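Protein chains: 2
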Amino acid sequence: MTFARRTYHHGDLRRSLVEAAEGLLEERGAAGLSLREVAKRAGVSHAAPYRHFHDKAALLDAIAQAGFERLSERVREAWDGNPCDPRTQLREAGVAYVCWATERPERTRLMMGGMMREDPLCTCLHAAAEDAFQWIFRVIDEGRSAGVFGGPDTRSVVISAWSAVHGLAMLILNSGKVSAETPEEVARLAALVCDTVADGIQIRH
Amino acid sequence: MTFARRTYHHGDLRRSLVEAAEGLLEERGAAGLSLREVAKRAGVSHAAPYRHFHDKAALLDAIAQAGFERLSERVREAWDGNPCDPRTQLREAGVAYVCWATERPERTRLMMGGMMREDPLCTCLHAAAEDAFQWIFRVIDEGRSAGVFGGPDTRSVVISAWSAVHGLAMLILNSGKVSAETPEEVARLAALVCDTVADGIQIRH
DNA sequence: ACCTGAACACCGTTCAAGT
DNA sequence: ACCTGAACACCGTTCAAGT
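Okay, structure coming up:
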């Protein structure tokens with residue numbers, strides 16, 4: 256990738272640290288990730304990361320934030336790809352959400368495991384999460400405007416739909432009771448859960 | 256509670272350790288819980304806990320297991336309290352699940368945060384979790400037998416219902432986007448989500 | 001400006017030794 | 001049988017010092 260360092264200065268240490276941390280995260284989980292090991296893998300001393308991140312939490316925040324941006328992108332694609340079809344939009348957005356989450360177990364645990372409940376130091380992380388969740392809101396809102404979905408109010412329906420999608424991802428990841436070995440099986444379950452919710456919020460004629 | 260120790264022998268150190276750990280858990284979370292601090296609060300040396308637990312994970316497992324037993328009890332009560340009424344059973348079981356979980360944030364994060372994905376050393380933990388989840392299965396199975404609920408098969412319907420209930424609890428706990436400050440608000444949202452699922456799986460006449 | 005090396009206060013875990 | 005105290009190998013974080 257890059258030829259031997261000529262000085263003790265690193266080219267782009269911040270990026271190298273994030274990449275090393277992402278690798279270590281999927282290998283050992285957030286609890287087993289040590290900043291010293293990250294620094295070692297990036298080829299610097301254990302104190303060097305503090306030039307780029309205030310502390311360990313700040314590095315994990317950066318990884319979580321990048322995760323929300325990518326998840327957001329995937330859900331947006333499902334929205335874009337199925338215009339004027341709220342039921343399919345809901346199913347495809349849900350499938351994208353659950354597939355993305357289950358493909359990256361440790362990253363998802365980091366993002367969804369309650370790291371966001373801390374001090375509002377990192378507004379960027381909250382903004383990235385907000386943006387990802389925004390697309391689910393739009394799917395429901397558009398469906399209600401089109402007269403396909405009903406329910407008492409948009410917020411209530413969003414909570415129901417998002418709970419089902421998010422819950423399925425968490426159960427596959429953490430419960431050990433909902434087995435979905437292949438990506439196809441994950442997608443099948445996600446579609447099933449989304450269709451059940453769609454049946455529950457659909458206006459009947 | 257107990258009068259001064261006469262010897263360096265502790266009366267029931269195992270129990271004391273669990274209680275100290277439970278307190279520390281809700282105060283600082285699983286990541287901030289140290290075995291040395293638990294030992295200090297129980298009034299023993301930092302090596303003493305190893306007489307009763309193989310390692311830190313074993314202590315956390317014991318706490319998680321007790322949690323599943325209590326959660327199971329609450330869901331079972333909802334089942335018992337509403338015989339021959341699957342729709343109400345589902346709603347009340349869901350409300351019990353979400354309320355219990357949100358009342359004990361750190362304990363629930365410990366139980367549901369992926370601790371169970373480890374080696375099958377602790378069969379007791381898995382059995383306790385299995386038992387808790389069993390009641391949701393029964394609610395759906397009974398509802399399908401009674402001709403109230405439909406769906407392709409019981410397993411699929413259970414996954415949809417459990418996903419919605421579990422997902423709501425996780426979103427309230429971890430997302431920072433679904434706010435439910437009071438127990439009443441939590442119960443209202445849980446009932447709403449359960450009713451949406453019930454609408455989705457109900458057989459229509 | 002960017003990184004190093006030593007230092008500090010913590011960890012989990014082990015083990016010989018005490019009662 | 002049950003607990004202690006010292007010891008080991010790790011942590012995260014800080015900071016004077018180097019280039």
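Order-wise, the sequence lines are chains A and B. Going by this note's numbering, the first sequence opens with residue 256, and the numbers climb by one from there. Going by this note's numbering, the second sequence opens with residue 256, and the numbers climb by one from there. We put the beta carbon where it would ideally sit given N, CA and C, even for glycine. Note that the coordinates shown come from a computational prediction; the quantities given were computed from them, not determined experimentally.
Distance from the CA atom of B:PRO438 to the CA atom of B:GLU358, rounded to whole angstroms, is 8 angstroms.
What A:ILE414 touches in chain B, judged by beta-carbon distance under 8 angstroms, is LEU423, LEU426, VAL433, LEU444, LEU447 and VAL448, going in chain order. Across the structure, B:ASN429 and B:ARG362 are spaced so that their CA atoms are roughly 13 angstroms apart. Chain-order list of chain A residues neighbouring B:ASP340: empty, with the shortest C-beta distance near 19 angstroms, by a criterion of under 7 angstroms. For B:ASN429, at least one C-beta of chain A is nearer than 7 angstroms to its own C-beta. A:VAL452 has a beta carbon lying within less than 7 angstroms of a beta carbon in chain B. Restricting attention to A:GLU281, A:ASP310 and A:VAL350, the CA atom closest to the CA of A:LEU290 is found in A:ASP310. Close partners of A:GLY322 in chain B (Cβ separation under 7 angstroms) are lacking, with about 14 angstroms as the shortest Cβ gap. For A:MET367, at least one C-beta of chain B is nearer than 7 angstroms to its own C-beta. Rounded to whole angstroms, the gap between the alpha carbons of B:ALA356 and B:MET367 is 10 angstroms.
Shortest Cα-Cα distance from B:TYR352 to any of B:LEU444, B:GLY455 and B:VAL412 involves B:LEU444. B:ARG306 and B:ARG325 have their C-alpha atoms spaced approximately 26 angstroms apart. A Cβ-Cβ separation of about 6 angstroms places A:ALA419 in contact with B:GLY422 under the 8 angstroms criterion. Cβ-Cβ separation between A:ALA294 and A:ALA285: approximately 17 angstroms, too far for a contact (criterion under 8 angstroms). Ranked by Cα distance from A:LEU272, the first of A:LEU315, A:ALA348 and A:LEU380 is A:LEU315. A:VAL452 is a Cβ neighbour of A:ALA416, given a cutoff of 7 angstroms. Between A:VAL403 and A:PRO360, the gap from beta carbon to beta carbon reaches 7 angstroms or more. Judged by DSSP secondary structure, A:ALA446 falls within the alpha helix (DSSP H) whose first and last residues are 438-456.
Pairing B:CYS449 with B:LEU426, the inter-Cα distance amounts to about 15 angstroms. At a cut-off of 7 angstroms between C-beta atoms, A:ALA383 does not count as an interface residue with respect to chain B.
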